[in-house]
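K.L.:
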Amino acid sequence: MALVPDYPIKTARLRLRPFTRGDVDAVYDYRRRDDVALYLFDVALSRDECALAVRQRISQVALAREGDKIILAVEHKDDKNLIGEVSLIWRSQEARQVELGWIFHPDWQGQGFASEAGEVLLNLAFEAGDMHRATARCGTNNVTSWRLMERLGMRREAHFREHKLFKGKWDEEYVYAILRREWRLSRQQEQSVPINRA
Amino acid sequence: MASLKLPITTDQLVLTAFERADLEALGSYLCMRDAQRYIDGLARDRQDVEAVLRQMCEQINLRRPGDTLTLAMRRKDNLELVGHTCLRWSDATAGQSELRFILHPRQAGRGYAHEAISAMLDLAFDHYNIHRVFVRCDGRNHHSAKLLEQLGLRLEAHYREHALFQGEWDEELHFAILDREWRPSSKIRHFPPRVRVA
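Chains A and B, in that order, are what the protein sequence lines are. Going by the working numbering, the first sequence opens with residue 464, and the numbers climb by one from there. Going by the working numbering, the second sequence opens with residue 8, and the numbers climb by one from there.
(1) Do E548 of chain A and I534 of chain A count as a contact pair if the criterion is CB distance below 8 Å?
(2) On a CA-only basis, which of B:R51, B:A50, B:R27 and B:T77 is nearest A126 of chain B? Give me that one, please.
(3) Let me see if you follow: with CB-CB separation under 8 Å, is A183 of chain B close to chain A or not?
(4) Quick one: grab the DSSP three-state call for M127 of chain B.
(5) Alpha carbon to alpha carbon, how far is F132 of chain B from R495 of chain A? Give it in angstroms, no decimals.
(6) Could you tell me whether the Cβ of K632 of chain A comes closer than 8 Å to any Cβ of chain B?
(7) Is Y135 of chain B close to chain A, meaning its C-beta is less than 8 Å from at least one C-beta of that chain?
(8) Out of curiosity, what's the CA-to-CA distance linking E31 of chain B and A183 of chain B?
(9) Round the Cβ separation of A434 of chain A and A588 of chain A to the nearest angstrom and send it over; I've been treating them as touching at under 8 Å.
(10) Across the region 607 to 616 of chain A and the region 579 to 588 of chain A, are there enough close Cβ pairs to call them in contact, namely three or more that are closer than 8 Å?
(11) Check each candidate in B:S97, B:L88, B:A24 and B:Y135 and name the one with the smallest Cα separation from R113 of chain B.
(12) L106 of chain B: which of B:K12, B:L86, B:L130 and B:R117 sits nearest, CA to CA?
(13) Restricting to runs no shorter than 3 residues, where is the beta strand (DSSP E) found entirely within the region 115 to 180 of chain B?
(14) Who does G602 of chain A pair with in a DSSP beta bridge?
(15) Can you list, in chain order, the residues of its chain with a C-beta nearer than 8 Å to that of I472 of chain A? Leave out the 5 residues immediately preceding and following it.
(16) Here's a check: name, in chain order, each residue in its chain whose Cβ is nearer than 8 Å to the Cβ of T75 of chain B, leaving out the five neighbours to either side.
(17) Could you tell me if D542 of chain A is buried or exposed, where buried requires 16 or more neighbouring beta carbons within 10 angstroms of its beta carbon?
(18) Since C513 of chain A is in the alpha helix (DSSP H), which residue starts that stretch and which ends it?
(19) Candidates A:D511, A:W565, A:N544 and A:I552: which alpha carbon is nearest R528 of chain A's?
(20) Please classify A580 of chain A: does DSSP put it in a helix, a strand, or coil?
(21) Please report how far the alpha carbon of V537 of chain A lies from the alpha carbon of R147 of chain B, in whole angstroms.
(22) On the three-state DSSP scale, how would you describe H38 of chain B?
(23) Over what stretch of residues does the beta strand (DSSP E) that includes L551 of chain A continue unbroken?
(24) If we call anything under 8 Å between Cβ atoms a contact, is M80 of chain B one with A28 of chain B?
(25) Measuring alpha carbon to alpha carbon, tell me which residue in B:A120, B:D98, B:R71 and B:R40 is nearest L22 of chain B.
(26) So that I know if they touch, is there some Cβ in chain A lying closer than 8 Å to that of S193 of chain B?
(27) If you measure from the beta carbon of E168 of chain B to each beta carbon in chain A, is any gap under 8 Å?
(28) Against P139 of chain B, what residues of chain A qualify as contacts under a CB-to-CB distance less than 7 Å, listed in chain order?
(29) Chain E partners of L171 of chain B, CB-CB under 8 Å?
(30) Kindly indicate which three-state DSSP category V26 of chain B falls into: helix, strand or coil?
(31) Let me make sure I understand the geometry here. Which of B:H169, B:H165, B:G159 and B:S104 has the alpha-carbon closest to that of V140 of chain B?
(32) Assuming G90 of chain B and L60 of chain B make a contact with CB atoms under 8 Å, what is their CB distance in whole Å?
(33) Could you check what DSSP says for S193 of chain B in three-state terms: helix, strand or coil?
(34) Starting from the C-beta of H165 of chain B, find all residues in its chain whose C-beta is less than 6 Å away, skip the five residues before and the five after it, and write them out in chain order.
(35) Note the first and the last residue of the continuous beta strand (DSSP E) segment covering L535 of chain A.
(36) Note down the Cα distance separating A640 of chain A from R619 of chain A, rounded to an integer number of angstroms.
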């Protein structure tokens, strides 16, 4: 099933929307940083590389076939500050698998924005996208990222040790996952009203 | 890679290359539905088995990444074929290799798989200088999982419903072992288990 969401997607404090050509400086502001690049496959990007990345992202707004990506800018509702980006990659059409990803500006971390955006991704994946399972992965040293996965209700399914080289060093990686029924169940429980017992 | 001296002998087995004459014996376990899970090539009839056998007869060394080494497991006393085991060189820069094994169900419970895998790990680490060997197995295959744990492999991943296999949701386990875990260096001192003093 194809996934073509309506934009922007609004949450309590955020707007998730496709990238535009005007986002280059805002993206450069976090992608230039070594403390951000540390956990990414890319090294810190130059402004030109950011411009190219943004240009690619402009059209990455829907999932039509396996391998497609949705990459959205996350901005603060009030001041329109671009605080990061989130992604949804269609890994398998047959088995309805999707991979989640996120990069947030360190200046905006620690306020629950990533959780809020992450909930949007899961909602997109499991409701409109009709996916069966969502995964996310990160280096074991990226503590903020895997703690976010745990906050989103994902389970740690894999801990790979020295399974590949990452930027010239042995890589250690976590893979987290959540099934649609697990996601539905946990969200139902949150919404249900506690029963008063006499 | 240096040439490989065959056969390899263990307590009860000889590991050798496959021969054309193995067709009947190979077909007797390869055509079983459960056998086809993690072995290359679906085999349903004699023609399929012939094709698989022809391929495996050529897999007698690892020369470049992507190559597979396949060895027949034969009983030492009567040279009966009881199963086979493969080592695929999946990544050269990071020294990664995947090990697979299959045993005729009739031959289970005699330690054949244990001996064969152990010999293959020696081969991977000592002869081919592999850094990490991983083994995948079905989540419901408790015998294999137990065997791999006994051999000292770590459970690195437990994927739930990550793919469809023959129309059903698949559950997959990944076990792995690093060279230094299989063959600890003589520099590492092993302390005896601590005795609790009340």
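Built from N, CA and C at the ideal position, the CB exists for glycine as well. As the structure is a prediction and not an experimental result, all values here were calculated from the model.
P.N.:
This is what the structure holds:
(1) In the first sequence, the residue the question calls residue 534 of chain A occupies position 71. In the first sequence, the residue the question calls residue 548 of chain A occupies position 85. Their beta carbons are under 8 Å apart, which means I534 of chain A touches E548 of chain A by this criterion.
(2) Counting from one through the second sequence, the residue named residue 126 of chain B turns up at place 119. If we check each option's Cα against that of A126 of chain B, B:T77 comes out closest.
(3) On the second sequence, residue 183 of chain B is found 176 positions in, with the first residue counted as 1. A183 of chain B counts as touching chain A.
(4) Here residue 127 of chain B refers to the residue found at position 120 when the second sequence is read from its first residue. If DSSP states are grouped into helix, strand and coil, M127 of chain B belongs with the helices.
(5) Here residue 495 of chain A refers to the residue found at position 32 of the first sequence. Here residue 132 of chain B refers to the residue found at position 125 of the second sequence. Going by the C-alpha atoms only, they are around 41 Å apart.
(6) As a position in the first sequence, residue 632 of chain A is number 169, starting the count at 1. At least 8 Å separates the CB of K632 of chain A from every CB of chain B.
(7) Here residue 135 of chain B refers to the residue found at position 128 of the second sequence. No, its Cβ sits nowhere closer than 8 Å to a Cβ of chain A.
(8) What you label residue 31 of chain B is simply residue 24 of the second sequence in a count that begins at 1. What you label residue 183 of chain B is simply residue 176 of the second sequence in a count that begins at 1. For E31 of chain B and A183 of chain B, the distance between alpha carbons rounds to 33 Å.
(9) Examination of residue 434 of chain A is not possible in this model, given that chain A is present from 464 through 661 alone.
(10) yes
(11) As a working mapping, residue 113 of chain B is identified with position 106 in the second sequence. The option with the nearest alpha carbon to R113 of chain B is B:L88.
(12) The residue labelled residue 106 of chain B in the question sits at position 99 within the second sequence. Comparing Cα positions, the closest option is B:L130.
(13) For the region 115 to 180 of chain B, whole beta strand (DSSP E) runs of length 3 or above, ordered along the chain, are 139 to 145 and 161 to 172.
(14) Here residue 602 of chain A is taken as the residue at index 139 of the first sequence, counted from 1. Paired residues: A:E636.
(15) Stepping through the first sequence from its first residue, residue 472 of chain A is reached at position 9. Contacts found: R478, L479, R480, L535, V583 and L587.
(16) The residue you call residue 75 of chain B lines up with position 68 of the second sequence. Excluding its 5 nearest sequence neighbours in each direction, T75 of chain B has C-beta neighbours in its own chain below 8 Å: D47, Q66, L69, C93, L94, R95 and W96, listed in chain order.
(17) Indexing the first sequence from 1 puts residue 542 of chain A at position 79. Looking at its Cβ environment, which holds fewer than 16 other Cβ atoms inside 10 Å, D542 of chain A is exposed.
(18) Translated into positions along the first sequence, residue 513 of chain A becomes position 50. That run of the alpha helix (DSSP H) goes R510 to I521.
(19) As a position in the first sequence, residue 528 of chain A is number 65, starting the count at 1. Nearest of A:D511, A:W565, A:N544 and A:I552 to R528 of chain A, Cα basis: A:I552.
(20) In the first sequence, residue 580 of chain A corresponds to position 117, counting from 1. Note: A580 of chain A maps to helix in three-state DSSP.
(21) Counting from 1 along the first sequence, the entry for residue 537 of chain A is found at position 74. Counting from 1 along the second sequence, the entry for residue 147 of chain B is found at position 140. If I take the Cα positions, the gap works out to 42 Å.
(22) Against the second sequence, residue 38 of chain B aligns to sequence position 31. The sequence given here places Cys at residue 38 of chain B; His does not occur at that position. Three-state result, C38 of chain B: coil.
(23) One-based indexing of the first sequence puts residue 551 of chain A at position 88. It spans L545 to S555 - the beta strand (DSSP E) in which L551 of chain A sits, taken as one unbroken run.
(24) For this step, residue 80 of chain B is matched to residue 73 along the second sequence. For this step, residue 28 of chain B is matched to residue 21 along the second sequence. Their beta carbons are not under 8 Å apart, which means M80 of chain B does not touch A28 of chain B by this criterion.
(25) In the second sequence, counting from the first residue as 1, residue 22 of chain B sits at position 15. Out of B:A120, B:D98, B:R71 and B:R40, B:A120 has the C-alpha closest to the C-alpha of L22 of chain B.
(26) Within the second sequence, the letter at position 186 stands for residue 193 of chain B. Only weak support exists for where S193 of chain B lies, its pLDDT of 49 falling under 50; the coordinates are left without a value.
(27) Counted from its first residue, the second sequence places residue 168 of chain B at position 161. Chain A contact via Cβ: present.
(28) If you number the second sequence from 1, residue 139 of chain B lands on position 132. A small fix is needed here, since residue 139 of chain B is Arg in this sequence, not Pro. Within chain A, the residues near R139 of chain B are E625 and H626.
(29) Going by chain labels, chain E is absent from the structure shown, which instead holds the protein chains A and B.
(30) Locating residue 26 of chain B in the second sequence gives position 19, where the first residue counts as 1. Here residue 26 of chain B is Glu; the residue named in the question, Val, does not match the sequence. Reduced to three states, the DSSP call for E26 of chain B is coil.
(31) Here residue 140 of chain B corresponds to residue number 133 of the second sequence, with the count starting at 1. Closest option to V140 of chain B, Cα to Cα, is B:S104.
(32) In the second sequence, residue 90 of chain B corresponds to position 83, counting from 1. In the second sequence, residue 60 of chain B corresponds to position 53, counting from 1. With 8 Å as the limit, G90 of chain B and L60 of chain B do not qualify as a contact, their Cβ atoms being about 14 Å apart.
(33) As a working note, residue 193 of chain B is residue 186 in the second sequence. Any reading at S193 of chain B must be qualified, since the residue scores a pLDDT of 49, below 50, and its modelled position is unreliable; the value itself is stated next. Looking at S193 of chain B - three-state DSSP - the assignment turns out to be coil, as it is neither helix nor strand.
(34) Counting from 1 along the second sequence, the entry for residue 165 of chain B is found at position 158. The residues are L180.
(35) Along the first sequence, one-based indexing puts residue 535 of chain A at 72. Note, L535 of chain A: beta strand (DSSP E), K532 to H539.
(36) Numbered from 1 along the first sequence, position 177 holds the residue referred to as residue 640 of chain A. Numbered from 1 along the first sequence, position 156 holds the residue referred to as residue 619 of chain A. If you take the alpha carbons of A640 of chain A and R619 of chain A, they lie about 7 Å apart.
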